[in-house]
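Asks:
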Amino acid sequence: MVVSVDRGRWGCVLGGDPERLIVAMRARELGRTPIVVGDQVDVVGDLSGKPDSLARIVRVGERRTVLRRTADDTDPFERVVVGNAEQLFIVVALADPPPRTGFVERAMVAAYAGGLQPILCLTKHDLAAESDFASAFDDLDLTIVYGGVDDPLEPVNALLDHKLTALIGHSGVGKSTLVNRLVPDADRAVGIVSGVGKGRHTSTQSVALPLPAGGWVIDTPGVRSFGLAHITPDDVIAAFTDLADAIQDCPRGCTHLGPPADPECALDQLPGKERRVEAIRILLTALTSNESWQRPAD
Ligand SMILES: Nc1nc2c(ncn2[C@@H]2O[C@H](COP(=O)(O)OP(=O)(O)OP(=O)(O)O)[C@@H](O)[C@H]2O)c(=O)[nH]1
Ligand SMILES: [Mg+2]
Ligand SMILES: [Zn+2]
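My numbering applies: residue 1006 is where the sequence shown begins, and numbers increase by one.
1. List the endpoints of the continuous alpha helix (DSSP H) containing Phe1343.
2. In terms of DSSP beta bridges, what is Ser1009 paired with?
3. Using CA coordinates, which residue listed in Leu1147, Ala1243, Gly1088, Leu1072 is at the minimum distance from Thr1106?
4. Check whether the Cβ atoms of Pro1304 and Leu1289 sit closer than 8 Å, and answer yes or no.
5. Are the CB atoms of Ala1251 and Tyr1117 nearer to each other than 8 Å?
6. Using only CA atoms, which one of Thr1246, Val1184, Pro1215, Leu1158 lies nearest to Ser1208?
7. Considering only their Cβ atoms, is the gap separating Val1212 from Val1008 smaller than 8 Å?
8. Leaving out five residues on either side along the sequence, give the residues of the same chain with a beta carbon under 6 Å from the beta carbon of Gly1050.
9. Give a yes or no on whether the C-beta atoms belonging to Tyr1151 and Leu1172 are separated by under 8 Å.
10. Using only the alpha-carbon positions, how far apart do Lys1055 and Arg1025 sit?
11. So is Ala1213 in contact with chain B if we call contact Cβ pairs under 8 Å?
12. Put Ile1236 into one of helix, strand or coil per three-state DSSP.
13. Considering only residues of the same chain and omitting the five flanking positions on each side of Asp1240, which have a CB-CB separation below 7 Å?
14. Would Leu1093 and Pro1123 qualify as a contact pair, given that the criterion is a beta-carbon distance under 8 Å?
15. Is Gly1088 buried or exposed, if buried means 16 or more other CB atoms sit within 10 Å of its CB?
16. Tell me the DSSP secondary structure of Ala1194 in three-state form.
17. Please write down, chain order preserved, every residue whose beta carbon lies under 6 Å from a heavy atom of ligand 3.
18. Within its chain, find whatever has a CB closer than 7 Å to the CB of Val1046; leave out the 5 residues flanking it on each side and keep chain order.
19. Use the C-beta contact count for Leu1079: other C-beta atoms within 10 angstroms, 16 or more gives buried, fewer gives exposed.
20. Beta carbon of Asp1011: closer than 7 Å to some heavy atom of ligand 1?
21. Does the count of Cβ pairs from the segment 1215-1227 and the segment 1153-1170 closer than 8 Å reach three?
22. My assumption, with CB atoms under 8 Å, is that Glu1091 sits in contact with Thr1075. Please give the rounded CB distance.
23. To which residues of the same chain is Pro1264 closer than 7 Å at the C-beta, ignoring the five residues directly before and after it?
Next comes the structure, spelled out in structure tokens:
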């Protein structure tokens, strides 16, 4: 598994064993194929892991899940952020910077479209009194966990246990701080990458770190915008198994937003699902409104 990427060098662990860390380059025949943290790769050559040894990545395994984003909503060039993660921790500070529902909605859309389970992780609990920020997601069955410096780690660890989890969020929300608490020897575990320090430094690269109890967390650099140009409304609905079948009955080109845009949307014919449909339509709206997501400072 790829655990780090840095200027044409990929850190990989053999057999998923954190102790068997090697550095590899991309074999010429792979061209510009993206290779990202979380990818399962085949490596050949010097697998000793000795200093200055360099292996070659000759194949990238098919991804079970994929977190993608584009620079903005009109950018056709999509980049793969993380491969094979089962969960996406959407890390949001309750203050400094102030939380935005639009960010969470867009990250949820990207998670559902890529096959990841989204979880809302709230930090800086110590800076903000109880907030009802999370209640906006009540009808979406979104798991919520507190991951601030004063919050106990057990609930976080219970969710991460033996899974591959990617953390994303704005710069400064506390992703690396949380990772450093979860993986006390994070620095040593990935000597070949910088960026994970004492939580004070802005991360510049994604890095996967092994959890003491099993499983991996992927710390990623703060994102400014999270373009969703590659995602369609149908991709999002497909993630909700209770609604996915219904849209077969929608007219062609239905965007599932309901009247007035989609007066014949089949989601409006589901008794008892009104609130859930409404909540999911808020996600669909996030697909086309990036501005609510971006911070003024960006
Ligand atoms: N008060 C308070 N400060 C926190 C908390 N979590 C993190 N911080 C502080 O917030 C700042 C940014 O934390 P980082 O962990 O570097 O943030 P990050 O999300 O990794 O940022 P990028 O790497 O730039 O994406 C640091 O000064 C941390 O000490 C928290 O729960 N409460
Ligand atoms: Mg960081
Ligand atoms: Zn529809």
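Even for Gly, the Cβ is constructed at its ideal location relative to N, Cα and C.
Replies: Walking through what the data contain:
1. Nothing about residue 1343 can be read from this structure; the chain reaches only from 1006 to 1303.
2. In the sequence shown, the residue the question calls residue 1009 occupies position 4. Paired residue(s): Gly1016, Val1212.
3. For the purposes of this step, residue 1106 is taken as the residue at position 101 of the sequence shown. Checking every option, the nearest Cα to that of Thr1106 belongs to Leu1147.
4. Coverage of the chain is limited to positions 1006 through 1303, which leaves residue 1304 absent and any answer about it impossible.
5. The residue given as residue 1251 occupies position 246 in the sequence shown. The residue given as residue 1117 occupies position 112 in the sequence shown. Result no, Cβ atoms of Ala1251 and Tyr1117 do not sit closer than 8 Å.
6. If you number the sequence shown from 1, residue 1208 lands on position 203. The residue with the shortest Cα to Cα distance from Ser1208 is Val1184.
7. As a working note, residue 1008 is residue 3 in the sequence shown. As a working note, residue 1212 is residue 207 in the sequence shown. Yes, the pair counts as a contact, with Cβ atoms nearer than the cut-off.
8. Within the sequence shown, residue 1050 is the residue found at index 45, counting from 1. The beta carbon of Gly1050 sits closer than 6 Å to those of Ala1060, Arg1061, all from its chain and outside the five residues before and after it, given in chain order.
9. Stepping through the sequence shown from its first residue, residue 1151 is reached at position 146. Stepping through the sequence shown from its first residue, residue 1172 is reached at position 167. No. Outside cutoff.
10. As a working note, residue 1055 is residue 50 in the sequence shown. As a working note, residue 1025 is residue 20 in the sequence shown. Looking at the two C-alpha atoms, the distance is approximately 10 Å.
11. This model lacks chain B altogether, as it is built from one protein chain only.
12. Here residue 1236 is taken as the residue at index 231 of the sequence shown, counted from 1. Coil.
13. Here residue 1240 refers to the residue found at position 235 of the sequence shown. The residues Ala1118, in chain order, have a CB closer than 7 Å to that of Asp1240 in the same chain once the five nearest residues on each side in sequence are set aside.
14. As a position in the sequence shown, residue 1093 is number 88, starting the count at 1. As a position in the sequence shown, residue 1123 is number 118, starting the count at 1. Yes, these two residues count as a Cβ contact at 8 Å.
15. For the purposes of this step, residue 1088 is taken as residue 83 along the sequence shown, with counting starting at 1. Taking all protein chains shown into account, Gly1088 has 16 or more neighbouring C-beta atoms within 10 Å of its C-beta and is therefore buried.
16. Mapped onto the sequence shown, residue 1194 falls at position 189. Model confidence at Ala1194 stands at a pLDDT of 44, short of 50, so the residue's coordinates are unreliable; what they give is reported in the following sentence. Helix.
17. This criterion selects Ile1252, Cys1255, Cys1259, His1261, Asp1267, Cys1270, Ala1271, Leu1272.
18. Translated into positions along the sequence shown, residue 1046 becomes position 41. So the list reads Val1007, Cys1017, Ile1040, Ile1062, Arg1064, Val1065, Gly1066, once near-sequence residues are dropped.
19. Mapped onto the sequence shown, residue 1079 falls at position 74. What sits at residue 1079 in the sequence shown is Thr, not Leu. Counting Cβ neighbours within 10 Å, Thr1079 comes out exposed, since fewer than 16 surround it.
20. Locating residue 1011 in the sequence shown gives position 6, where the first residue counts as 1. Judged by the Cβ position, Asp1011 fails to qualify as a neighbour of ligand 1 at the 7 Å threshold, every heavy atom of the ligand being at least this far.
21. Yes, since at least three Cβ pairs between the segment 1215-1227 and the segment 1153-1170 fall closer than 8 Å, the two stretches touch.
22. Here residue 1091 refers to the residue found at position 86 when the sequence shown is read from its first residue. Here residue 1075 refers to the residue found at position 70 when the sequence shown is read from its first residue. Cβ-Cβ separation between Glu1091 and Thr1075: approximately 23 Å, too far for a contact (criterion under 8 Å).
23. As a first step, residue 1264 is located in the sequence shown; it is residue number 259 there, counting from the start. Around Pro1264: no qualifying Cβ.
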